[in-house]
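J.:
2 protein chains.
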Amino acid sequence: MHRRTRQREAIMQALSKSARPLSPAELLKAAGKQVKSLSLATVYRNVKSMVEEGLIHPVQLPGEPPRYELHEAAARHHHHFHCETCDRVFDIAGCPKGLESMVPVGFSLRAHELVLYGRCSGCSGAARS
Amino acid sequence: MHRRTRQREAIMQALSKSARPLSPAELLKAAGKQVKSLSLATVYRNVKSMVEEGLIHPVQLPGEPPRYELHEAAARHHHHFHCETCDRVFDIAGCPKGLESMVPVGFSLRAHELVLYGRCSGCSGAARS
DNA sequence: CTAGTTGCAAAGCATTTGCCTGTGG
DNA sequence: CCACAGGCAAATGCTTTGCAACTAG
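Just so you know, the protein sequences line up as chains Z and V, in that order.
When we follow the numbering used here, the leftmost residue of the first sequence carries the number 2, and every step to the right adds one.
When we follow the numbering used here, the leftmost residue of the second sequence carries the number 2, and every step to the right adds one.
1. In chain Z, which residues lie less than 7 Å from lysine 98 of chain V when you measure between Cβ atoms?
2. What residues in the stretch 109-120 of chain Z have a beta carbon less than 9 Å from any beta carbon of chain V?
3. Taking Cβ-Cβ distances below 9 Å as the criterion, which residues of the stretch 47-62 of chain Z are in contact with chain V?
4. Starting from the Cα of arginine 89 of chain V, find the closest Cα among V/Pro63, V/Leu16, V/Leu23 and give me that residue.
5. Can you name the residues of chain Z whose CB is closer than 7 Å to the CB of serine 125 of chain V?
6. Please say whether asparagine 47 of chain Z and arginine 9 of chain Z have beta carbons closer to each other than 8 Å?
7. In terms of alpha-carbon separation, which member of V/Pro25, V/Ala42, V/Ile12 lies closest to lysine 34 of chain V?
8. Mind checking if glutamate 70 of chain V is an interface residue toward chain Z, Cβ cutoff 8 Å exclusive?
9. Check cysteine 121 of chain Z in the structure and name its three-state DSSP category.
10. Mind checking if glycine 33 of chain V is an interface residue toward chain Z, Cβ cutoff 8 Å exclusive?
11. Is the Cβ-Cβ distance between arginine 62 of chain Z and histidine 72 of chain Z less than 8 Å?
12. By the three-class DSSP mapping on this structure, what secondary structure does leucine 28 of chain V have?
13. Based on Cα-Cα distance, which residue from Z/Ser50, Z/Gly107, Z/Ala26 lies nearest to proline 66 of chain Z?
14. Are the C-beta atoms of serine 17 of chain V and some chain Z residue less than 8 Å apart?
15. Since glutamate 85 of chain Z meets chain V, which of its residues come closer than 8 Å, beta carbon to beta carbon?
16. Near leucine 115 of chain Z, which residues of its chain fall below 7 Å by C-beta distance, leaving aside the five closest residues on each side in sequence?
17. Using only the alpha-carbon positions, how far apart do glycine 123 of chain Z and glycine 107 of chain V sit?
18. In the DSSP assignment, find the alpha helix (DSSP H) that holds histidine 72 of chain V and state where it starts and stops.
19. Among residues of its own chain, excluding the 5 on either side of alanine 128 of chain V, which ones have a beta-carbon nearer than 6 Å to its beta-carbon?
20. If we define contact as Cβ-Cβ less than 8 Å, is valine 90 of chain Z a contact residue for chain V?
21. Run through DSSP, which three-state label would leucine 16 of chain V get?
22. Could you tell me the alpha carbon to alpha carbon distance between leucine 41 of chain V and arginine 68 of chain V, rounded to whole angstroms?
23. From cysteine 84 of chain Z to leucine 110 of chain V, what distance separates their C-alpha atoms?
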């Protein structure tokens with residue numbers, strides 16, 4: 002059902018080579034080095050289908066443009082830690098407790114998203130603003 | 002520096018009367034009842050200036066258009082519930098526990114953002130809108 | 001009065017879609 | 001071969017901006 006095209010390959014490679022989630026524009030720039038003719042529309046189309054296939058996972062932080070990362074550990078439920086100093090995002094294990102009790106009467110809880118903000122180990126040690 | 006206009010008043014009233022954060026479009030609809038000629042551009046302009054003045058606070062949910070609530074509401078710590086059926090956002094009290102234990106060694110936690118997803122009372126009870 | 005506001009429409013952006021050519025298998 | 005994938009450009013949808021008319025103070 003899915004062909005193995007140059008562009009699709011390039012996009013996957015760009016993601017696997019990156020240590021952090023990439024936005025469509027960043028993907029175009031990165032994968033564009035492999036396939037010069039790559040168009041933004043193709044990036045969007047592939048990203049969309051790859052998300053639907055579960056190959057990659059969207060990372061949407063509040064007020065930030067959407068970014069994508071390989072599915073990898075995304076299979077396991079996890080959350081993100083956003084370092085406010087170096088602006089990187091880390092996956093963190095675990096899950097808060099007592100969510101059900103926060104839901105108002107009559108509401109049904111299906112899922113949740115949590116983002117922690119602070120400083121990562123690297124930025125906590127050598128502190129600078 | 003800021004005039005007291007019908008439209009600005011209507012927008013503030015719409016926000017204060019609402020129990021939940023409103024998007025620009027929702028504001029137009031709500032405040033538009035007071036001032037029929039209200040335009041979307043005016044809503045955006047006022048919302049922008051009101052945020053800068055600290056009168057209202059933006060509520061940014063992942064992949065969602067921004068919504069706004071009075072600063073007063075944002076002052077007290079709370080989180081949001083996003084109804085996946087009617088697409089509205091509600092303020093919810095309370096806070097999850099055990100966040101500190103989720104933070105990796107060496108990381109320092111400063112703040113957190115939580116969004117719950119599911120169905121609101123209206124959409125859970127009655128079939129659909 | 002007169003500067004800040006508003007409405008409308010056009011301009012911007014980011015993302016999506018139509019359509020025809022290219023190509024993987 | 002030929003249906004899916006890609007490239008380009010037009011089309012969306014949301015937000016911003018230019019500009020002339022309007023109005024609060």
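Ideal placement from N, C-alpha and C gives every residue a C-beta, glycine not left out.
T.: According to the structure shown:
1. Contact note: lysine 98 of chain V reaches chain Z through Pro97, Lys98, Gly99, using a C-beta cutoff of 7 Å and chain order.
2. Listed in sequence order: Ser109, Leu110, Arg111, Ala112, His113, Glu114, Leu115, Val116, Leu117, Tyr118, Gly119, Arg120.
3. Under the 9 Å Cβ criterion, the stretch 47-62 of chain Z contributes Pro59, Val60, Gln61, Leu62.
4. For arginine 89 of chain V, the nearest C-alpha among the options comes from V/Leu23.
5. Near serine 125 of chain V (Cβ distances below 7 Å), the residues of chain Z are Gly107, Phe108, Ser109.
6. Yes; because the gap between Cβ atoms is below 8 Å, this pair is in contact.
7. Distances from the CA of lysine 34 of chain V to each of V/Pro25, V/Ala42, V/Ile12 were compared; the closest alpha carbon is that of V/Ile12.
8. Closer than 8 Å: no.
9. The three-state reading of DSSP puts cysteine 121 of chain Z in coil, since its state is none of H, G, I, E or B.
10. Output row for glycine 33 of chain V: interface = no.
11. Per the sequence shown, residue 62 of chain Z should be read as leucine rather than arginine. No, they are not a contact pair.
12. Three-state result, leucine 28 of chain V: helix.
13. Of all alpha-carbon atoms in Z/Ser50, Z/Gly107, Z/Ala26, the one lying nearest the alpha-carbon of proline 66 of chain Z is that of Z/Ala26.
14. Taking CB atoms only, serine 17 of chain V has no neighbour in chain Z less than 8 Å away.
15. Arg111, listed in chain order.
16. Within the same chain, leucine 115 of chain Z has close Cβ partners His80, Pro97.
17. Glycine 123 of chain Z and glycine 107 of chain V: Cα-Cα distance of roughly 8 Å.
18. Following the DSSP letters along the chain, one finds histidine 72 of chain V inside the alpha helix (DSSP H) bounded by residues 72-76.
19. In this prediction, alanine 128 of chain V has a pLDDT of 49, which is less than 50 and means its spatial position is unreliable; what the coordinates show is noted afterwards. So the list is empty, once near-sequence residues are dropped.
20. It does not: the Cβ of valine 90 of chain Z has no partner Cβ on chain V nearer than 8 Å.
21. Three-state result, leucine 16 of chain V: helix.
22. Going from the Cα of leucine 41 of chain V to the Cα of arginine 68 of chain V covers about 14 Å.
23. Looking at the two C-alpha atoms, the distance is approximately 9 Å.
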